[in-house]
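> Pasting in a structure now, in C-alpha cells, and then I'll have a few things to ask.
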Amino acid sequence: ELAYGALKYIVEEGPDADLFDSTLDRIVRLNDHGRADGKAVALSKHPGSRDGARTTMNCFDEPHRLYLPRQLKAHQTMDANLPKRPLDDPWSLYVGTAGQPGQGSVAEEIHIEATQIAEGKIQRPDLFYLYRTDDDPERDLSDKDERIRAIAEATGPIGEFGPGQFDEIASKWDRPGADGPYLERVWLNRWKRQGDQAFDMKKIKPGLCRSGERIPKGGFITLGFDGARFRDATALVATSIDTGLQELLGLWERPDDDDLEDDGWEVNEAEVTAAVEDAMTRYAVWKMYADPHTGPKRSARGLRNGLTGWRSGGPPE
Numbered sequence: 001e002l003a004y005g006a007l008k009y010i011v012e013e014g015p016d017a018d019l020f021d022s023t024l025d026r027i028v029r030l031n032d033h034g035r036a037d038g039k040a041v042a043l044s045k046h047p048g049s050r051d052g053a054r055t056t057m058n059c060f061d062e063p064h065r066l067y068l069p070r071q072l073k074a075h076q077t078m079d080a081n082l083p084k085r086p087l088d089d090p091w092s093l094y095v096g097t098a099g100q101p102g103q104g105s106v107a108e109e110i111h112i113e114a115t116q117i118a119e120g121k122i123q124r125p126d127l128f129y130l131y132r133t134d135d136d137p138e139r140d141l142s143d144k145d146e147r148i149r150a151i152a153e154a155t156g157p158i159g160e161f162g163p164g165q166f167d168e169i170a171s172k173w174d175r176p177g178a179d180g181p182y183l184e185r186v187w188l189n190r191w192k193r194q195g196d197q198a199f200d201m202k203k204i205k206p207g208l209c210r211s212g213e214r215i216p217k218g219g220f221i222t223l224g225f226d227g228a229r230f231r232d233a234t235a236l237v238a239t240s241i242d243t244g245l246q247e248l249l250g251l252w253e254r255p256d257d258d259d260l261e262d263d264g265w266e267v268n269e270a271e272v273t274a275a276v277e278d279a280m281t282r283y284a285v286w287k288m289y290a291d292p293h294t295g296p297k298r299s300a301r302g303l304r305n306g307l308t309g310w311r312s313g314g315p316p317e
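Following full-length UniProt numbering, the numbering of the sequence shown begins with 1 at its first residue and continues without gaps.
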C-alpha cells in the first residue's frame, strides 16, 4: 500500500497527470486516444487473485514482512506469471530492509539467492541485488558516535534527509527496553535475530531441521494443540516418542493485515477437527495436550468435551 500510494501521488501530481486515470484500486495509463494502455493495481496478499495474470512488472514492498504461508504463495504465483511475456522484458522489484534470519520471508529467500550467486552456486543468475549494510565486527554499538557512523555507512552517500537525523536514530538505542537487534536490522540493514524471537533459526536449521523427513504411519506419538479462534492462530504438532522428531500437522494463522477489531476472520474449525481425526487414525497417539481457544461461539469447555470423541489405537504392541 505504501508503494502504491506513492505511485498514485506521483501520477496525480506530476506534469503528466492527464496521461493517467487513477483510483484507490488501480492506475490506468491512457494512450493518445484516451483509452486504457496498461495498468497498475494494488494487491492484497491472496495468491488466487493474480493466478493466470500476464504481468510485466511486480513490485514487492517490504518483503521481509511477507512470511505467512498465503503471502509466500502469493509471491510464488506472481513470480510464476513473469515468463509469460518474455518479449516485454518482465521483471520484479523488491524494496525493503533485512529481515529476521530463519523466518523464511520473501526477503530472506532473495538474500539467500544473492549469496548463492556470489558463491557461484547458481549457473544462470538473473538477480541484481543491491544490499548496503554496516557489518563492521569491530563496531562498538554501545558508543553513540559509533552508532552514528554505522548508520551513515548503512545509509550510503545520500546522507541525512535533514540535520540531526542520524543522531536522532542513534538515540533510539538508549531508550529503556530498546530492542538492539531490531534496531540493527532496520537501521543498519543487518540480518539479526530480534529480541522477541524465541529461537535462533540460523543455529537450529543446520542441525535440527530435517526437511522432508516425516513421522512414519503408525508411529508412537504425542500431539500438541494450541489455538486462538479469532485473534491469533491455531497449530497441531506431532512429536515422535521414539526419536523426538516433530512434524507440523496443521497451522491456521491469522493474516497480519486483518483488523484485530474485525471479527470476520476465524480459524476453520472443520479443518482443525479433520486434522486431529486424521492424526488419530494415522498414528498411535499416546497423549494429547490441548490448550483450546475460547470465543463467543464455543467455549473452551465445549471444545474439551469434544476432545473425548478423538480416540487413537494407543501405543504399538
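Beta carbons are placed, not taken as given, at the ideal position from N, Cα and C, and that holds for glycine.
So, do the segment 50 to 64 and the segment 21 to 30 have three or more beta carbon pairs nearer to each other than 8 Å?
Counting C-beta pairs with one atom in each stretch, the segment 50 to 64 and the segment 21 to 30 have fewer than three that are closer than 8 Å, which means they do not touch.
> For the putative contact between residue 115 and residue 186, defined by C-beta atoms under 8 Å, what is the C-beta separation to the nearest angstrom?
Within the sequence shown, numbered from 1, the residue matching residue 115 stands at position 115. Within the sequence shown, numbered from 1, the residue matching residue 186 stands at position 186. That belief does not hold up - the Cβ atoms of residue 115 and residue 186 are roughly 21 Å apart, past 8 Å.
> According to the Cβ coordinates, are residue 328 and residue 245 closer than 8 Å?
This structure cannot settle anything about residue 328, because the visible part of the chain is limited to 1 through 317.
> Where do the ends of the alpha helix (DSSP H) carrying residue 276 lie?
Walking along the sequence shown from the start, residue 276 turns up at place 276. From DSSP, the alpha helix (DSSP H) with residue 276 extends over 269 to 282.
> In or out: residue 281 buried (at least 16 other Cβ within 10 Å) or exposed?
By 1-based counting over the sequence shown, the position of residue 281 is 281. Burial call: exposed.
> Between the alpha carbons of residue 248 and residue 211, how many angstroms are there, rounded?
Position 248 of the sequence shown, counted from the start, is the residue given in the question as residue 248. Position 211 of the sequence shown, counted from the start, is the residue given in the question as residue 211. When rounded, the distance between both Cα atoms is 12 Å.
> Assign residue 131 to one of three DSSP states: helix, strand, or coil.
Sequence index remark: in the sequence shown, residue 131 carries index 131 (1-based). Residue 131: coil per DSSP, three-state reduction.
> Let me make sure I understand the geometry here. Which of 240, 156, 135, 268 has the alpha-carbon closest to that of residue 191?
If you number the sequence shown from 1, residue 191 lands on position 191. The option with the nearest alpha carbon to residue 191 is 135.
> What number of angstroms, rounded off, separates the C-alpha of residue 226 from the C-alpha of residue 126?
Along the sequence shown, one-based indexing puts residue 226 at 226. Along the sequence shown, one-based indexing puts residue 126 at 126. C-alpha separation (whole angstroms): 42 Å.
> State the Cα-Cα distance for the pair residue 15 and residue 107, rounded to the nearest angstrom.
The residue you call residue 15 lines up with position 15 of the sequence shown. The residue you call residue 107 lines up with position 107 of the sequence shown. Roughly 34 Å between the two C-alpha positions.
> Quick one, are the C-beta atoms of residue 233 and residue 251 less than 8 Å apart?
Taking the sequence shown and counting its residues from 1, one reaches residue 233 at position 233. Taking the sequence shown and counting its residues from 1, one reaches residue 251 at position 251. Yes. Within cutoff.
> So, are the CB atoms of residue 141 and residue 147 less than 8 Å apart?
As a working mapping, residue 141 is identified with position 141 in the sequence shown. As a working mapping, residue 147 is identified with position 147 in the sequence shown. Cβ atoms of residue 141 and residue 147: closer than 8 Å.
> Can you check DSSP and say which residues form a bridge with residue 61?
Locating residue 61 in the sequence shown gives position 61, where the first residue counts as 1. BP columns for residue 61 point to 95.
> Would residue 42 and residue 21 qualify as a contact pair, given that the criterion is a beta-carbon distance under 8 Å?
Within the sequence shown, numbered from 1, the residue matching residue 42 stands at position 42. Within the sequence shown, numbered from 1, the residue matching residue 21 stands at position 21. No, the Cβ-Cβ distance between residue 42 and residue 21 is not below 8 Å.
> Have a look at the DSSP bridge pairing and note the partners of residue 30.
On the sequence shown, residue 30 is found 30 positions in, with the first residue counted as 1. Answer is 36.
> Can you give the Cα-Cα distance for residue 290 and residue 179, rounded to whole angstroms?
In the sequence shown, the residue the question calls residue 290 occupies position 290. In the sequence shown, the residue the question calls residue 179 occupies position 179. Their Cα atoms are separated by approximately 33 Å.
> Kindly indicate the opening and closing residues of the alpha helix (DSSP H) around residue 183.
Along the sequence shown, one-based indexing puts residue 183 at 183. It spans 180 to 187 - the alpha helix (DSSP H) in which residue 183 sits, taken as one unbroken run.
> Leaving out five residues before and five after residue 160 in sequence, what residues of the same chain have Cβ atoms less than 6 Å from its Cβ?
Stepping through the sequence shown from its first residue, residue 160 is reached at position 160. Take residue 160, set aside five residues on each side of it, and the residues of its chain with a beta-carbon closer than 6 Å to its own are 166, in chain order.
> Count the other CB atoms, across all protein chains shown, that sit within 10 Å of the CB of residue 95; report buried if there are 16 or more and exposed otherwise.
Within the sequence shown, the letter at position 95 stands for residue 95. So residue 95 counts as exposed.
> Comparing C-alpha positions only, which one of 99, 213, 8, 70 sits nearest to residue 181?
Taking the sequence shown and counting its residues from 1, one reaches residue 181 at position 181. Checking every option, the nearest Cα to that of residue 181 belongs to 99.
> Please look up how many angstroms separate the CB atoms of residue 7 and residue 40, rounded, as I've assumed it's under 8 Å.
As a first step, residue 7 is located in the sequence shown; it is residue number 7 there, counting from the start. As a first step, residue 40 is located in the sequence shown; it is residue number 40 there, counting from the start. Yes, they are in contact, since the Cβ atoms of residue 7 and residue 40 sit about 6 Å apart, within 8 Å.
> The alpha helix (DSSP H) that contains residue 146, what's its start and end?
On the sequence shown, position 146 is the one that residue 146 refers to. Where residue 146 is concerned, the enclosing alpha helix (DSSP H) stretches over 144 to 155.
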